[in-house]
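Right, one structure below, let's go through it.
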Amino acid sequence: MTLQACGGEGTPTEQVSQSDTTASDDDQFEYFAEQFADLKIIRYQIPGWDKLTAKQKEYVYYLYEAGLAGRDIIWDQNYRHNIAIRKALETIITNYSGDKTSEDWNNFMIYAKRVFFSNGIHHHYSMSKITPNFTQEYFSTLLEESRGSALNEEALKAMFDPSFDAKKVNLDPDKGLVKGSAVNFYSPDLTEAEVDAYYAKVIDKNDPEPISYGLNSMLMRNSQGEIEEFVYKSGGLYGSAIDKIIYWLEKASGVTENQPQADALKILIEYFRTGDLKKWDEYNIAWVGATEGDIDYIQGFVEVYNDPKGYTGSYESIIEINDFDASERMKMLMDNVQWFEDNSSIMDEHKKKNVVGVTYKVVNTAGEAGDASPSTPIGVNLPNANWIRSKHGSKSVSLGNIVHAYDKSGGKGFAEEFIRTEELRARSKEYSTLAGKLHTALHEVVGHASGQLNPGVGTPKETLKSYASTLEEGRADLVALYFLLDPKMVELGLMPSLEVGKAEYDSYIRNGMMLQLRRLEPGEVIEEAHMRNRQMVAAWCYEKGMADKVIEKKVIDGKTYFEVNDYEKLRGLFGELLREIQRIKSEGDYNAGRALVENYGVQVDADLHAEVLKRAEKLNSAPYGGFINPKLVPVMEGGKMVDVKVEYPSDFLEQMLDYGANHSFLAAH
Ligand SMILES: [Zn+2]
Numbered sequence: 008m009t010l011q012a013c014g015g016e017g018t019p020t021e022q023v024s025q026s027d028t029t030a031s032d033d034d035q036f037e038y039f040a041e042q043f044a045d046l047k048i049i050r051y052q053i054p055g056w057d058k059l060t061a062k063q064k065e066y067v068y069y070l071y072e073a074g075l076a077g078r079d080i081i082w083d084q085n086y087r088h089n090i091a092i093r094k095a096l097e098t099i100i101t102n103y104s105g106d107k108t109s110e111d112w113n114n115f116m117i118y119a120k121r122v123f124f125s126n127g128i129h130h131h132y133s134m135s136k137i138t139p140n141f142t143q144e145y146f147s148t149l150l151e152e153s154r155g156s157a158l159n160e161e162a163l164k165a166m167f168d169p170s171f172d173a174k175k176v177n178l179d180p181d182k183g184l185v186k187g188s189a190v191n192f193y194s195p196d197l198t199e200a201e202v203d204a205y206y207a208k209v210i211d212k213n214d215p216e217p218i219s220y221g222l223n224s225m226l227m228r229n230s231q232g233e234i235e236e237f238v239y240k241s242g243g244l245y246g247s248a249i250d251k252i253i254y255w256l257e258k259a260s261g262v263t264e265n266q267p268q269a270d271a272l273k274i275l276i277e278y279f280r281t282g283d284l285k286k287w288d289e290y291n292i293a294w295v296g297a298t299e300g301d302i303d304y305i306q307g308f309v310e311v312y313n314d315p316k317g318y319t320g321s322y323e324s325i326i327e328i329n330d331f332d333a334s335e336r337m338k339m340l341m342d343n344v345q346w347f348e349d350n351s352s353i354m355d356e357h358k359k360k361n362v363v364g365v366t367y368k369v370v371n372t373a374g375e376a377g378d379a380s381p382s383t384p385i386g387v388n389l390p391n392a393n394w395i396r397s398k399h400g401s402k403s404v405s406l407g408n409i410v411h412a413y414d415k416s417g418g419k420g421f422a423e424e425f426i427r428t429e430e431l432r433a434r435s436k437e438y439s440t441l442a443g444k445l446h447t448a449l450h451e452v453v454g455h456a457s458g459q460l461n462p463g464v465g466t467p468k469e470t471l472k473s474y475a476s477t478l479e480e481g482r483a484d485l486v487a488l489y490f491l492l493d494p495k496m497v498e499l500g501l502m503p504s505l506e507v508g509k510a511e512y513d514s515y516i517r518n519g520m521m522l523q524l525r526r527l528e529p530g531e532v533i534e535e536a537h538m539r540n541r542q543m544v545a546a547w548c549y550e551k552g553m554a555d556k557v558i559e560k561k562v563i564d565g566k567t568y569f570e571v572n573d574y575e576k577l578r579g580l581f582g583e584l585l586r587e588i589q590r591i592k593s594e595g596d597y598n599a600g601r602a603l604v605e606n607y608g609v610q611v612d613a614d615l616h617a618e619v620l621k622r623a624e625k626l627n628s629a630p631y632g633g634f635i636n637p638k639l640v641p642v643m644e645g646g647k648m649v650d651v652k653v654e655y656p657s658d659f660l661e662q663m664l665d666y667g668a669n670h671s672f673l674a675a676h
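Residue numbering for the sequence shown follows my numbering, starting at 8 and increasing by one per position.
Written out as structure tokens, the structure reads:
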């Protein structure tokens, strides 16, 4: 399963930060690369790279090469003509020497970049075909003058006839899930009924530990007219790319950090050789068990979202390095979790005597490929097979440097627009990154672990029903907010001063009172649990502190701002609301929980909403983000890899052309 960034500025915490500089380690790094159509291209760094040993870097490097070696697979999986079309685009961009100032050329380049971004001619998110704003004649002229080989008729039709293979994945049953989807998991002549009949025949429904049927194959009619699975494996479908993957994985298996990693890799290689799905399960069990070390990865045919029938996995690769800073933060909170529980504002009877922090893992990606790039998830939880998860466990990670890069790229202009004074902007700029990270860590490690139910009270799902998750997220946020202004945080060395906590208070109130409304269409109320809890917390504190002007609404030149006047009093209000929500949870008080959410978390101030939409719109930030990957460059000495350098390319198109030229192992067909 993957966790996706939300649309728009797209970070889970929605910091308003500035994209240019911060006072921290990454003050010189430019996160934003470019924007076109509805897409924003972002760069990211690999923090902690220098903490790895040369051998660890070598391990990462081989995994990264293995990931890239399969890049062509996702192009072919997404649509059968994608590789041919991409090669034509690459040829034109590389060779064309004619007029590059015309509107046609400009439109051609935008089209090409959109196709690169989506790994094919269908939009990565909406699944609809990307429309070229130039004619077929213009395209043919470009291709001819670039000495490219002509595309076949059907590929041209796919590019220029909007109704032909219009959707990558169609989930409208009236159009046929298989026939209506352009994705290349089923040959075009197959119907859904035939696919269903095939799987009904092969799936053993009584197997308590079933293989992931169809995960690594394409269904086609063979020469006898029967339906057959053509398996992705060495010597099979995508064999030439898979052989390259195996080549790099074998190198990786020689430089793992420990034996369990090596054992898992050997099974994975065996799986790519044979295509045997029993091996895939065996591999996943070994992978879940390999928990030691700083380096991990996802590699193979994994998520089935692109298959309208949910069988076949899209190729992806994500290389992960432990986030050392986040691990340190987490350990510090874990070591002190009982102190936080004892010093919380909740009633003594609701405090746990022996609280255990929640483990969550933050990693930094060193490179992504296939379906995970350029558009990427921000978190992943695998494996997908339910029986493996319940019997052997799973791994859940948050991609820290990706979340950070989204955050840093997102707010271009936002701070200027939504933060009123230079002083507040300066504090946000200096501390919002650390504040956001500490908020998340406190929320996850301490917040969700805190508090206990009264004896005999059912689970929140039973007692608080549809309000359970909003109240639980609100409760965890409040634990974080309450302690973010506690001197203990400074004492523990987690923050340099309480200014960090104040920056978080500013941003939480600003977001909860107004900024998050830009995600809603006019006329909508708030439905999503996190959005509800943020408004509930902010609006409750605004109302309760109104007499003392704890939070003040200011309207200046037609622009509304919510500003905190008294941070200590606001902390007191956070504590009070935390105590009440914990009481609601501990006692299972449905009516009180419902009243809180309905009165503070759901309704939208229509005028304020319209104002926020108008102010956000003029900032013109693309709704979808994707990433330029770092480039890993080995340093060789006497035939031995002694180091690996990281380069951070800044040109999206250049990276796409580099991948096409140097990491392409499938022929067009
Ligand atoms: Zn949570």
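Every residue gets a Cβ at the ideal spot worked out from N, C-alpha and C, and that includes glycine.
First and last residue of the uninterrupted beta strand (DSSP E) at Thr366:
Segment: none, Thr366 is in no beta strand (DSSP E) and carries neither H nor E.
Would you check if there are 3 or more beta carbon pairs closer than 8 angstroms linking the stretch 483–493 to the stretch 443–450?
yes
State the CB to CB distance for the pair Ala679 and Lys94, rounded to an integer number of angstroms; the pair is presumed to be in contact (CB under 8 angstroms).
Summary: the structure shown does not reach residue 679, with the chain confined to residues 8 through 676, and so no result is reported for it.
Arg228 versus Val309: straight-line alpha-carbon distance, rounded
24 angstroms
DSSP three-state assignment for Thr18, whether helix, strand or coil:
Bear in mind that the predicted position of Thr18 carries a pLDDT of just 37, short of 50, making it too unreliable to give a figure here.
For Ser4, collect the residues of the same chain with a Cβ closer than 7 angstroms to its Cβ; drop the 5 residues on either side in sequence, then sort them by chain order.
Because the chain here runs from 8 to 676, residue 4 falls outside it and cannot be looked at.
For Ile99, tell me which candidate among Tyr132, Asn114, Trp82 and Arg154 has the shortest Cα-Cα distance.
Arg154
Enumerated in chain order, which unbroken segments of the beta strand (DSSP E) with a length of 3 residues or greater are wholly contained in the stretch 401–439?
402–406
Helix, strand or coil for Arg482, going by three-state DSSP, please let me know.
helix
What does the alpha-carbon distance come out to for the pair Val122 and Ala376?
15 angstroms
From Ser351 to Thr428, what distance separates their C-alpha atoms?
33 angstroms
Decide if the stretch 608–620 is in contact with the stretch 529–540; the criterion is three or more beta carbon pairs, one per stretch, under 8 angstroms apart.
yes
Would you say the beta carbon of Glu480 comes nearer than 7 angstroms to a heavy atom of ligand 1?
yes
Hey, would you say the C-beta of His446 is under 7 angstroms away from at least one heavy atom of ligand 1?
no
Kindly indicate which residue of Met538, Ile253 and Lys576 has the alpha-carbon position closest to the one of Lys556.
Lys576
Mapping DSSP to helix, strand and coil, what is Asn388?
strand
Counting pairs of beta carbons, one from the stretch 501–516 and one from the stretch 466–478, are three or more of them closer than 8 angstroms?
no
Candidates Asn371, His537, Val497 and Arg539: closest to Gly55 by CA position
Asn371
Exposed or buried, which one is Met553 when buried takes at least 16 other CB atoms within 10 Å?
exposed
Which residues share a DSSP beta bridge with Asp314?
Paired residues: none, contrary to the question.
Enumerate in chain order the residues of its own chain whose CB-to-CB distance from Tyr367 is below 6 angstroms, with the five nearest sequence positions on each side excluded.
Glu451
Going by beta-carbon coordinates alone, are Ile302 and Tyr290 separated by less than 8 angstroms?
no
Is Ala483 close to ligand 1? I mean its beta-carbon at under 7 angstroms from any heavy atom of the ligand.
yes
Counting only runs that start and end within the stretch 540–582, where is the beta strand (DSSP E) found for 3 or more residues in a row?
558–563 and 566–571
Proximity of Leu256 and Ile276 at Cβ, strictly below 8 angstroms:
yes
Quick one: does the C-beta of His616 sit closer than 7 angstroms to a heavy atom of ligand 1?
no
Of the residues Asp172, Pro315 and Phe115, the one placed nearest Asp179, counting alpha carbons only:
Pro315
Verify the contact flag: His450, CB atom, against every heavy atom of ligand 1, threshold strictly below 7 angstroms.
yes
Is the stretch 321–329 touching the stretch 65–83, taking contact as three or more C-beta pairs under 8 angstroms?
yes
Skipping 5 residues on each side, what residues in its chain have a beta carbon closer than 8 angstroms to that of Gln143?
Leu163, Met166 and Phe167
Between Leu460 and Gly600, is the Cβ-Cβ spacing less than 8 angstroms?
no
By alpha-carbon positions, which one of Leu96, Tyr607, Lys174 and Leu603 ends up nearest to Glu151?
Leu96
Tell me the DSSP secondary structure of Pro656 in three-state form.
coil
Rounded to whole angstroms, what is the Cα-Cα separation between Tyr631 and Ala422?
20 angstroms
Thr372 (DSSP reduced to helix, strand or coil)
strand
So, with DSSP's three-state summary, where would you put His455?
coil
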